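Numbering (our numbering), first residue to last: 10 to 357. Everything below concerns the one structure shown next.
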Amino acid sequence: MRDIESNRIDLRSDTVTQPTAPMRQAMADAAVGDDVLGDDPTVQRLEAMVAEMCGKEAGLFVPSGTMSNAVALKTHTVPGDEIVTERYSHIYLYEGGGYAALCGSSVALPEGVNGLLTPELVQQAIRKQRGSQSHYPDGSLVCVENTANRGGGTCYEQNVLDAIAEVSKEKNCSTHIDGARIFNASVATKTPLPRMTRDYDSVSICLSKGLGAPVGSVLVGSTEFIEQAHRWRKMFGGGMRQSGILAAAGIYALENNVQRMEEDHRRALTIAQAIDEMDHVSVDLNAVQTNMVYFSANDHSASEVSERMAKAGIDMFDISPTHCRIVTHLHITDEDVKNVIEALSSLH
Ligand SMILES: Cc1ncc(COP(=O)(O)O)c(C=O)c1O
């Protein structure tokens with residue numbers, strides 16, 4: 010049974026998840042204080058919990074993944090720096106150009122495969138002011154996205170993540186993981202988070218995607234880093250008062266909704282395998298590693314596909330002229346998966 014009542018199958022994103030009854034209860038029961046004054050115990054518990062889960066010293070609760078990345082970028086850079094991030098990364102594509110407006114940084118945009126960078130690409134992309142007669146900006150930060158959203162929800166192999174951090178450090182760059190869906194990556198690759206993030210200076214994790222909380226992200230890093238990030242959060246307007254009510258949803262999500270992501274991954278793979286069997290639609294099965302399926306239809310544009318699926322009660326985004334994206338999450342059932350496959354098969 011679906012956790013919420015709806016007569017539609019909403020596959021647009023895992024951000025559409027709504028707080029379930031027990032999560033709402035946890036929110037109602039939360040002890041709160043004034044987090045701007047530093048005395049909301051539930052926020053403090055959440056920040057310590059995520060920091061510990063990632064093997065970092067400290068955490069900072071912020072309203073969104075976009076703010077978490079913006080605060081991280083601002084903390085790691087000074088104006089005139091350059092940030093290395095993949096060509097289709099969320100930081101570059103979908104955060105309003107915050108790297109430019111808020112940090113005064115430029116970006117270097119190596120194009121990886123399925124959204125994933127390699128150490129070679131990163132090494133080639135880092136430019137240093139020093140030794141360039143001041144022609145270059147100063148490459149000072151390398152960002153990776155795990156899972157890579159526009160890559161299809163793909164996961165980094167651990168040795169690649171480690172090697173990217175190594176080449177970054179060799180060139181004196183800080184390292185940041187946009188881990189909006191890092192729990193999906195950890196569950197899918199069976200890699201403990203402290204190991205995955207070991208060589209990275211900061212990690213941003215989202216509570217409001219596959220984890221199912223209504224609001225919030227946590228940025229983690231060293232105590233010193235988070236102290237500076239706290240200042241930028243204030244300036245960006247992200248200090249919240251009785252936010253323990255939101256943090257409680259995050260704690261509930263971390264205690265209950267991590268391992269169940271395996272079900273989302275299994276359902277995404279079932280849909281992808283069914284698409285692979287059909288002649289009129291195509292999918293790159295290798296890229297289906299977590300809760301996303303990017304697919305195309307041979308004889309229809311992506312917008313035609315999403316319109317026709319919407320008529321069948323199934324919502325999805327056309328993410329490019331050719332490709333639609335399906336995202337599974339905690340409100341999607343096996344029954345829904347059957348209906349989606351049926352609707353896709355009659356898409357001739
Ligand atoms: C990879 C990635 N990073 C960051 C974000 C930003 O999160 P928010 O929508 O909470 O600002 C998203 C949102 O979809 C995302 O997919």
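For every residue, glycine included, the Cβ atom is placed at its ideal position computed from N, Cα and C. Here the structure is a predicted model, which means the values were calculated and not measured.
Whole angstroms is fine: what's the gap from I350's alpha carbon to V131's?
As a first step, residue 350 is located in the sequence shown; it is residue number 341 there, counting from the start. As a first step, residue 131 is located in the sequence shown; it is residue number 122 there, counting from the start. Cα-Cα distance, rounded: 39 Å.
With burial defined as no fewer than 16 other Cβ atoms inside 10 Å of the residue's Cβ, what is the status of G89: buried or exposed?
Working through the sequence shown from its first residue, we reach residue 89 at position 80. Answer is exposed; the Cβ neighbour count stays below 16.
From which residue to which residue does the alpha helix (DSSP H) around I260 run?
Counting from 1 along the sequence shown, the entry for residue 260 is found at position 251. Its alpha helix (DSSP H) spans residues 253-265.
How is the beta strand (DSSP E) around T24 delimited, first residue to last?
On the sequence shown, position 15 is the one that residue 24 refers to. Note, T24: premise wrong, no beta strand (DSSP E); not H, not E.
Pop quiz: V346 and A238 are said to be a contact at Cβ under 8 Å. What is the actual Cβ separation, rounded to whole angstroms?
In the sequence shown, the residue the question calls residue 346 occupies position 337. In the sequence shown, the residue the question calls residue 238 occupies position 229. Wrong, their Cβ atoms sit about 40 Å apart, outside the cutoff.
Are there 16 or more other CB atoms within 10 angstroms of the CB of E344, so buried, or fewer, so exposed?
Counted from its first residue, the sequence shown places residue 344 at position 335. Label assigned to E344: exposed.
Delimiting residues of the alpha helix (DSSP H) encompassing E56:
If you number the sequence shown from 1, residue 56 lands on position 47. E56 -> alpha helix (DSSP H) spans 50-63.
Give the DSSP-derived three-state secondary structure of I13 in the structure shown.
As a position in the sequence shown, residue 13 is number 4, starting the count at 1. Coil, per DSSP.
Terminal residues of the alpha helix (DSSP H) in which T232 lies
The residue you call residue 232 lines up with position 223 of the sequence shown. 232-244 is the span of the alpha helix (DSSP H), which, as asked, contains T232.
Quick one: Cα of P128 to Cα of A172, how far?
For the purposes of this step, residue 128 is taken as residue 119 along the sequence shown, with counting starting at 1. For the purposes of this step, residue 172 is taken as residue 163 along the sequence shown, with counting starting at 1. Distance between the alpha carbons of P128 and A172: 6 Å.
Contact between the region 244-255 and the region 263-273 (3+ Cβ pairs under 8 Å):
no
Going by DSSP, what residue range makes up the alpha helix (DSSP H) through L392?
Residue 392 lies beyond the range of the chain shown here (10 to 357); nothing can be said about it.
Could you give the DSSP three-state label for D44: helix, strand or coil?
The residue labelled residue 44 in the question sits at position 35 within the sequence shown. Correct three-state label for D44: helix.
So who's on the other strand from F304, going by DSSP bridges?
Along the sequence shown, read from residue 1 onward, the residue named residue 304 stands at position 295. Its beta-bridge partners are V292, C333.
Tell me whether G188 sits in a helix, a strand or coil according to DSSP, three-state version.
Here residue 188 corresponds to residue number 179 of the sequence shown, with the count starting at 1. DSSP places G188 in strand when its eight states are reduced to three.
Which of helix, strand or coil DSSP assigns to L170
Translated into the one-based positions of the sequence shown, residue 170 becomes position 161. L170 carries a helical assignment under DSSP once its states are collapsed to helix, strand and coil.
Cβ-Cβ distance between G64 and P223 below 8 Å
Here residue 64 is taken as the residue at index 55 of the sequence shown, counted from 1. Here residue 223 is taken as the residue at index 214 of the sequence shown, counted from 1. Contact check for G64 against P223 fails: the beta carbons are separated by 8 Å or more.
Alpha carbon to alpha carbon, what distance is there between N348 and H99?
Taking the first residue of the sequence shown as position 1, residue 99 is located at position 90. Taking the first residue of the sequence shown as position 1, residue 348 is located at position 339. One C-alpha to the other measures close to 30 Å.
Can you check DSSP and say which residues form a bridge with T163?
Locating residue 163 in the sequence shown gives position 154, counting from the first residue. Partner(s): A157.
Since I believe R21 is in contact with F326 (beta carbons under 8 Å), could you give me their beta-carbon distance rounded to a whole number of angstroms?
Residue 326 sits at position 317 when you count from the first residue of the sequence shown. Residue 21 sits at position 12 when you count from the first residue of the sequence shown. Contact holds; Cβ gap of about 5 Å.
Once DSSP output is grouped into helix, strand and coil, what is the label at V131?
Here residue 131 corresponds to residue number 122 of the sequence shown, with the count starting at 1. V131: helix per DSSP, three-state reduction.
E313 to E66, Cα distance in whole Å?
The residue given as residue 313 occupies position 304 in the sequence shown. The residue given as residue 66 occupies position 57 in the sequence shown. A direct Cα-Cα distance of roughly 49 Å separates E313 from E66.
Within the present structure, is the beta-carbon of N193 separated from the nearest heavy atom of ligand 1 by less than 7 Å?
Sequence index remark: in the sequence shown, residue 193 carries index 184 (1-based). No.
Whole-angstrom distance between L278 and P119, CA atom to CA atom
Along the sequence shown, read from residue 1 onward, the residue named residue 119 stands at position 110. Along the sequence shown, read from residue 1 onward, the residue named residue 278 stands at position 269. So the alpha carbons of these two residues sit roughly 29 Å apart.
Quick test of the definition: if touching needs 3 or more C-beta pairs under 8 Å, does the region 179-188 touch the region 149-156?
yes
Pairwise C-alpha distance: V227 and E61:
As a position in the sequence shown, residue 61 is number 52, starting the count at 1. As a position in the sequence shown, residue 227 is number 218, starting the count at 1. For E61 and V227, the gap between their C-alpha atoms comes out near 12 Å.
Is any heavy atom in ligand 1 found nearer than 7 Å to the beta carbon of A222?
Numbered from 1 along the sequence shown, position 213 holds the residue referred to as residue 222. In this structure, A222 has its beta carbon at no less than 7 Å from each heavy atom of ligand 1.
For ligand 1, is there a heavy atom less than 7 Å away from the beta-carbon of S217?
For the purposes of this step, residue 217 is identified with residue 208 of the sequence shown, where counting begins at 1. Correct: S217 has its Cβ closer than 7 Å to ligand 1.
Cβ-based neighbour list, T24, same chain, cut-off 8 Å, excluding 5 preceding and 5 following
As a first step, residue 24 must be located in the sequence shown, where it is residue number 15. Cβ neighbours of T24 beyond the five flanking positions: S217, K218.
Residue nearest to A319 in terms of C-alpha spacing, selected from A352, D293, G113:
In the sequence shown, counting from the first residue as 1, residue 319 sits at position 310. Measuring from the Cα of A319, the nearest candidate turns out to be A352.
Residues near G188 in its chain [Cβ-Cβ closer than 7 Å; skip 5 each side]
Start at 1 with the first residue of the sequence shown, and residue 188 comes out as number 179. For G188, where only same-chain residues beyond five positions count, the Cβ hits under 7 Å are N155, V212, S213, I214.
What residue range is occupied by the uninterrupted alpha helix (DSSP H) comprising D208?
For the purposes of this step, residue 208 is taken as residue 199 along the sequence shown, with counting starting at 1. First-last for D208: undefined, no H or E at that position.
What do you reckon, are the CB atoms on R197 and M205 nearer than 8 Å?
Numbered from 1 along the sequence shown, position 188 holds the residue referred to as residue 197. Numbered from 1 along the sequence shown, position 196 holds the residue referred to as residue 205. In the sequence as displayed, the identity of residue 197 is Ala instead of Arg. At least 8 Å separates the beta-carbon of A197 from that of M205.
Leaving aside the five residues before and after G221 along the sequence, list all residues of the same chain whose C-beta is less than 6 Å from its C-beta, in chain order.
In the sequence shown, counting from the first residue as 1, residue 221 sits at position 212. Taken in chain order, the residues that qualify are T26, A262, N266, L339.
Our contact map puts R334 next to M287 with C-beta atoms below 8 Å; I'd like the distance itself, whole angstroms only.
Within the sequence shown, numbered from 1, the residue matching residue 334 stands at position 325. Within the sequence shown, numbered from 1, the residue matching residue 287 stands at position 278. Not confirmed; about 17 Å, so no contact.
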